[in-house]
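J.: Right, I'll just put the structure down here and ask away after.
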Amino acid sequence: MATIALDRPLSAAHLQADAVRRRTAGDWNGMTDAEIMLRVRDGEDAGFDILIEKYRKAMINFMYRMVHNQAVAEELAQEVFLRVYRSRATYRAEAKFTTWLYRIATNLGVNHARDTKYERAAQNVYLDQPDPETGTTPDVADSTASVEEDLVRDERMRAIRKHVMALPERQRTAVLMHKYQGLDYKEIGQVLKLSESATKSLLFRAYQTLRESLKEFV
Numbered sequence: 253m254a255t256i257a258l259d260r261p262l263s264a265a266h267l268q269a270d271a272v273r274r275r276t277a278g279d280w281n282g283m284t285d286a287e288i289m290l291r292v293r294d295g296e297d298a299g300f301d302i303l304i305e306k307y308r309k310a311m312i313n314f315m316y317r318m319v320h321n322q323a324v325a326e327e328l329a330q331e332v333f334l335r336v337y338r339s340r341a342t343y344r345a346e347a348k349f350t351t352w353l354y355r356i357a358t359n360l361g362v363n364h365a366r367d368t369k370y371e372r373a374a375q376n377v378y379l380d381q382p383d384p385e386t387g388t389t390p391d392v393a394d395s396t397a398s399v400e401e402d403l404v405r406d407e408r409m410r411a412i413r414k415h416v417m418a419l420p421e422r423q424r425t426a427v428l429m430h431k432y433q434g435l436d437y438k439e440i441g442q443v444l445k446l447s448e449s450a451t452k453s454l455l456f457r458a459y460q461t462l463r464e465s466l467k468e469f470v
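Counting in our numbering, the sequence shown runs from 253 upward without gaps.
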């Protein structure tokens with residue numbers, strides 16, 4: 253049966269449709285996220301699958317750091333993409349797609365924490381990158397650490413987790429986006445609806461608070 257089907261000549265309509273499918277699939281590779289989302293808005297759902305594949309892991313990680321529960325993080329990440337899809341008709345490429353995505357994720361995570369009064373447990377927060385404002389690094393791992401140094405490092409990490417989660421809500425969210433998701437000042441400001449200078453000030457205060465709280469470890 254398969255041989256008969258393959259031997260049967262294709263119509264011009266079939267050939268044209270196949271050419272369009274191949275061209276469309278190739279088009280995604282050279283498009284920005286915003287351009288893909290605009291195509292999704294216009295009814296090309298294949299583009300949405302591409303965006304999910306690209307950002308699903310990052311969304312789960314981001315939500316996990318807000319709720320510290322893997323199952324809840326996966327559910328919230330799924331809800332983020334559902335909300336993106338439901339809002340596709342109103343999407344406007346006025347900012348980067350990731351800005352819009354993280355704004356939805358941030359609002360959802362904050363609302364979930366408020367609604368459920370979720371007890372925020374210790375987070376896996378690693379502040380091992382130099383702070384852009386001061387150049388200081390509050391947490392540096394030692395690859396040749398002794399048992400005693402391992403204990404000190406573990407204590408330091410517990411302190412970091414505790415104090416990051418104790419930051420005011422907006423500061424904590426900004427730190428998570430800055431350190432984990434790699435968003436820059438402008439992108440974080442767009443998510444939090446702050447100016448770039450206000451975002452820098454927000455992060456500076458957050459890191460200053462952490463440095464003061466963790467001064468015995470740095």
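All C-beta atoms, glycine included, are put in the ideal place defined by N, C-alpha and C. Note that the coordinates shown come from a computational prediction; the quantities given were computed from them, not determined experimentally.
Using the Cα positions of Y370 and H364, report the straight-line distance between them to the nearest angstrom.
T.: At Y370 the pLDDT is 40, less than 50, meaning the model places this residue with poor confidence and gives no usable figure here.
J.: For N321, does the three-state DSSP call read helix, strand or coil?
T.: The answer is coil: DSSP assigns N321 none of H, G, I, E or B.
J.: CA-CA distance, E305 and G441?
T.: So the two alpha carbons sit approximately 26 Å from each other.
J.: For P384, name the three-state secondary structure that DSSP assigns.
T.: Annotation note: pLDDT 46 at P384 (below 50); position unreliable, coordinate value reported separately. If DSSP states are grouped into helix, strand and coil, P384 belongs with coil.
J.: When you compare each of M289, Q322 and F300 to A345 by their alpha carbons, which one comes out closest?
T.: A345 has its Cα closest to that of M289, out of M289, Q322 and F300.
J.: How many angstroms separate the CA atom of D279 from the CA atom of G295?
T.: For D279 and G295, the distance between alpha carbons rounds to 15 Å.
J.: Going along the chain, which residues of its own chain have a beta-carbon closer than 6 Å to the beta-carbon of M318, five neighbours each way excluded?
T.: Cβ within range, chain order: G361.
J.: Between F314 and Q433, which are expected to be in contact by the criterion C-beta below 8 Å, what is the C-beta distance as a whole number of angstroms?
T.: The Cβ separation is near 6 Å, so the contact holds.
J.: Write down every uninterrupted run of the alpha helix (DSSP H) in the segment 328 to 371 whose length is 4 residues or greater and which is fully enclosed by it, in chain order.
T.: The segment 328 to 371 contains these whole alpha helix (DSSP H) runs: 349 to 368.
J.: Less than 8 Å between the CB atoms is what I'm expecting for I356 and V324, so what's the real figure, rounded?
T.: Not confirmed; about 16 Å, so no contact.
J.: Look at the alpha carbon of S447 and the alpha carbon of T368, and state the distance between them as a whole number of angstroms.
T.: If you take the alpha carbons of S447 and T368, they lie about 30 Å apart.
J.: By Cβ distance below 8 Å, which residues in the same chain neighbour A310 in space, the five residues on each side in sequence not counted?
T.: Around A310: Q433.
J.: The alpha helix (DSSP H) with D294 in it runs from where to where?
T.: Unbroken run through D294: none, as it is neither H nor E.
J.: I need the DSSP call for M283, collapsed to helix, strand or coil.
T.: Three-state result, M283: coil.
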